[in-house]
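**Q** Chains as they are written, first to last, in my numbering: chain Z, 1 to 296; chain H, 1001 to 1296.
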DNA sequence: TGTCAAGTTTGTCTAGGACGTAATAAAATT
DNA sequence: AATTTTATTACGTCCTAGACAAACTTGACA
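1. Let's see if you can read the secondary structure: which residues bound the alpha helix (DSSP H) around residue 191(Z)?
2. Quick check: the Cα distance between residue 258(Z) and residue 276(Z), rounded to an integer number of angstroms?
3. Note down the Cα distance separating residue 1214(H) from residue 1206(H), rounded to an integer number of angstroms.
4. Here's the rule I'm using: 16 or more other beta-carbon atoms within 10 Å means buried, otherwise exposed. How should residue 167(Z) be labelled?
5. Using DSSP with H/G/I as helix, E/B as strand and the rest coil, what is residue 227(Z)?
6. With a cut-off of 9 Å, does the C-beta of residue 180(Z) fall near any C-beta of chain H?
7. Spell out whether any CB of chain H is found under 9 Å from the CB atom of residue 144(Z).
8. May I ask you to list the residues that DSSP assigns as paired with residue 1256(H)?
9. Beta-carbon of residue 166(Z) versus every beta-carbon of chain H: anything under 9 Å?
10. Nearest to residue 2(Z) by CA position, among 128(Z), 31(Z), 117(Z), 17(Z), is which residue?
11. Just mark residue 136(Z) as buried or exposed, buried being the case when its beta carbon has 16 or more other beta carbons within 10 Å.
12. Helix, strand or coil: which one does DSSP assign to residue 205(Z)?
13. List, in chain order, every chain H residue whose beta-carbon is nearer than 8 Å to that of residue 206(Z).
14. State buried or exposed for residue 1069(H), treating a residue as buried only when at least 16 other CB atoms are found within 10 Å of its CB.
15. Less than 9 Å between CB atoms is the rule here; does residue 229(Z) satisfy it with respect to chain H?
16. Check residue 87(Z) in the structure and name its three-state DSSP category.
17. Closest Cβ-Cβ distance between residue 209(Z) and chain H: below 9 Å?
18. In or out: residue 260(Z) buried (at least 16 other Cβ within 10 Å) or exposed?
19. Starting from residue 175(Z), trace the alpha helix (DSSP H) both ways and give me its first and last residue.
20. Candidates 1150(H), 1209(H), 1233(H): which alpha carbon is nearest residue 1090(H)'s?
21. Could you work out which residue in 1035(H), 1074(H), 1008(H), 1079(H) is closest to residue 1048(H) when comparing CA atoms only?
22. Which word fits residue 1060(H), buried or exposed, when buried means at least 16 other C-beta atoms lie within 10 angstroms of its C-beta?
23. I need the straight-line Cα distance from residue 301(Z) to residue 1004(H), nearest angstrom please.
24. Bridge partners of residue 1038(H), per DSSP?
25. Buried or exposed, going by whether 16 or more other CB atoms sit within 10 Å of the CB of residue 1229(H)?
26. Given that residue 201(Z) touches chain H, what residues does it touch there, using C-beta distances under 8 Å?
27. If the cut is a Cβ gap below 8 Å, which residues of chain H does residue 169(Z) touch?
28. Name, please, each residue of chain Z whose Cβ falls closer than 7 Å to the Cβ of residue 1220(H).
29. Evaluate residue 1133(H) with the Cβ neighbour count: other Cβ atoms within 10 Å of its Cβ, from every protein chain shown; 16 or more gives buried, anything less gives exposed.
30. Out of 1222(H), 1267(H), 1285(H), state which residue places its alpha-carbon closest to the alpha-carbon of residue 1297(H).
31. Answer with yes or no whether the minimum CB distance from residue 1156(H) to chain Z is below 9 Å.
32. Between which two residues does the alpha helix (DSSP H) holding residue 167(Z) run?
33. Counting only C-beta atoms, is residue 11(Z) closer than 9 Å to chain H at any point?
34. Can you tell me whether DSSP reads residue 107(Z) as helix, strand or coil?
So this is what it looks like as structure tokens:
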């Protein structure tokens, strides 16, 4: 039995939203305490958690809010669509994640890095594995804490590799950041690893930085490039707006490179903002940059 | 100019609270846009940040809400007692932060760790320096991205030290987590470093985990203890509620240890939840645990 | 000095209404 | 038939103002 504030914390659905759903869709229907405050039974909270997942996948509230639990599960299985069995070579990692074997997972990830080399490692292992883990999470086969376990281990491996390549004299000098609302840092880390390998000087700003902070940091560190990562949780409009605002606020000579799933859906390329699809394009872009600078 | 949702995110003061302060104390007095929605000027947001900090220190709203900026700073200096200048040995770090010299900062931090040893390093350098950086940020002497620069470097140093001490066979097995709403991870990292040193087996869950995720992780990893960190952004009620719910959801034999500024304001100790003040107490608690287990 | 009762402060909850933006459906164009 | 443009609906967030319990302060008394 949770009050409305606790339900907001647990499910990530705002208080206002919970009340408006009750009015519009007739769900959830919490009981009331003696003060007439809402008290949500655990069963409804579980349903709300599932509903949140379905909404995150892009379904509309009208179709999911108010459905009974079995119907929600059916919806979930319908919308998952493609089966993630496509990558047999990644299954060993999935097994380690599900078995909560943190040390073994890190060992396997480290070994793969040294076996494949950074570029192949990122494109053939880390990127598809992250995608796969996301798929499993959507289907409910992997829990949030298991996903955390995975990204924690990848982070450790990549950061120590980046550390080995740190180069305070490298060019270009790149500042890595994400805009507010963007939580996924793995894309940023993969980009940092790629650019470190190319000899760039990398400065990592923590995620969720307001635009004026990014600008101040870029100027203070005298960077050549600001690199941003957008995952699919950001809407195309948010991405476009954010990039435009940043471009306006940043001095002309500092470039912007934007990558990640979120930019793949951008239609038009803005002036002064380099959109980057796959990681391999990032290498191309930095090579071009180096060539354009060297004659100077 | 921020709307009320953005101000809630920036300051940690709830929307309802902001509106009720306006009604009761006549501050803040946001301007309105054409839709009559509140728009808070940056100057008022800065004042609100300071107010939040004073409230977190235990002052009552009637005494601080509505005070002008200089009065707030005076109040802060009164209640802080010691001036930030009281730590001359920490000034060199502050200079490096303000000079954006990331590598030099990390070098200095690493050197201090090896010079002082972990326990003294945490209590004499990291904890007071983090506090000092927070103070400077409140006064506007340090920007957010500079604070990020600092915590990034501390994180790197502590994580690599923890890595060196990793022990998959250690006892107790401790799971580290923060509840939703809690963003500060440094306290958790300091606790992990302390316990690693004591020979514990440490598993780090990323921050902001819903209670059911913490429970699932604790059971899956078969931990002995769940360690939580609360900064001052969490209200005493939120802390109490969260701890109670977690205690109810967690199997009896798994202990809960809670630390950080946020628990210092808790009055009553709940059954089955160990509240921990300074880091040195943490050592005591783990020693007690070990002694109570060894006869078995 | 410590404890208890009465009084005050303060944050969170309640209600329904309003409105802009995002997502869909429909229409018009290529 | 495929794509772009426009109309319509869906949806979350913000608004007002009042109520109440928990936390805090104060003062009386042992």
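Cβ atoms here follow ideal geometry from the backbone N, Cα and C, with glycine treated the same way.
On a predicted model such as this, the values are computed, not experimentally measured, just so you know.
**A** Let me spell this out:
1. 186-197
2. 6 Å
3. 10 Å
4. exposed
5. strand
6. yes
7. yes
8. 1226(H), 1273(H)
9. yes
10. 31(Z)
11. buried
12. coil
13. 1148, 1151, 1152
14. exposed
15. no
16. coil
17. yes
18. buried
19. No alpha helix (DSSP H) contains residue 175(Z), which is instead part of the beta strand (DSSP E) from 173-177.
20. 1150(H)
21. 1008(H)
22. exposed
23. Because chain Z is modelled from 1 through 296, residue 301(Z) falls outside the range shown and cannot be assessed.
24. 1032(H)
25. buried
26. Simply none; closest approach about 10 Å.
27. Near residue 169(Z) there are no residues of chain H at all, since even the closest Cβ is about 11 Å away, more than 8 Å.
28. 100
29. buried
30. The structure shown does not extend to residue 1297(H), since chain H is modelled only from 1001 to 1296, so the question has no answer here.
31. yes
32. Premise fails: residue 167(Z) is in no alpha helix (DSSP H) and is neither H nor E.
33. yes
34. helix
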